[in-house]
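Our numbering puts the first residue of the sequence shown at 2, with every later residue one more than the last. Even for Gly, the Cβ is constructed at its ideal location relative to N, Cα and C. These numbers were taken from a predicted model, which means no experiment stands behind them.
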Amino acid sequence: MKIYRIRAHHGMCLAFFQGNGYSEEFTEHMGKIKQELEKNPRVRLADGTDDICAHCPHCVYGACRSTEKVAAYDRKVLALCGLEAGAELKWKVFEGLVKKKILDQGKRKAVCGDCQWDSLC
Ligand code: SF4
Ligand code: SF4
2 MKIYRIRAHH GMCLAFFQGN GYSEEFTEHM GKIKQELEKN PRVRLADGTD
52 DICAHCPHCV YGACRSTEKV AAYDRKVLAL CGLEAGAELK WKVFEGLVKK
102 KILDQGKRKA VCGDCQWDSL C
């Protein structure tokens, strides 16, 4: 089974995803990834752009236009979950850690409160 590359803060975005996003292509693709992850594949916590970014209009020449901002989100998620970039684990283990260590603790805003989608998450 394919190992998905998922950047850490996308563990939160996927938890809130309800079909909104930067473009039609992007949201359709993100929906597909969310469905695939339901099958609980292994994921590698990407240090940089991932399988979701691949269809984002803000991904230019393989890098995010907001790279500093999102890299900071990734670092905070990794630290709160006790993980490191490059770690490989089952999706549901990562999803569970994000829920338990961040979302259930009300820490989401402290990670990404300045994101443009903040009011939707
Ligand atoms: S506010 Fe932005 S970064 Fe945070 S979970 Fe929502 S979409 Fe993701
Ligand atoms: S905004 Fe950046 S981190 Fe978010 S999906 Fe697009 S390229 Fe990836």
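Original post:
Going by other Cβ atoms of all chains shown within 10 Å of its Cβ, with 16 needed for buried, is L79 buried or exposed?
Top reply: One-based indexing of the sequence shown puts residue 79 at position 78. Counting Cβ neighbours within 10 Å, L79 comes out buried, since at least 16 surround it.
**OP:** Could you spell out where the beta strand (DSSP E) holding L90 opens and where it closes?
**Re:** Residue mapping note: residue 90 aligns to position 89 of the sequence shown, counting from 1. 89-91 is the extent of the beta strand (DSSP E) around L90.
**OP:** Would you list the residues whose beta-carbon is nearer than 6 Å to any heavy atom of ligand 1, in the order they occur in the chain?
**Re:** Taken from the N-terminal end onward, the list reads H10, M13, C14, F17, Y74, C113, C116, W118, D119, C122.
Original post:
I think Y62 touches L38, with their Cβ atoms under 8 Å apart; what is that distance to the nearest whole Å?
Top reply: For the purposes of this step, residue 62 is taken as the residue at position 61 of the sequence shown. For the purposes of this step, residue 38 is taken as the residue at position 37 of the sequence shown. Wrong, their Cβ atoms sit about 26 Å apart, outside the cutoff.
Original post:
Could you name the residues, in chain order, whose CB is less than 5 Å away from a heavy atom belonging to ligand 2?
Top reply: C54, C57, H59, C60, C65, V71
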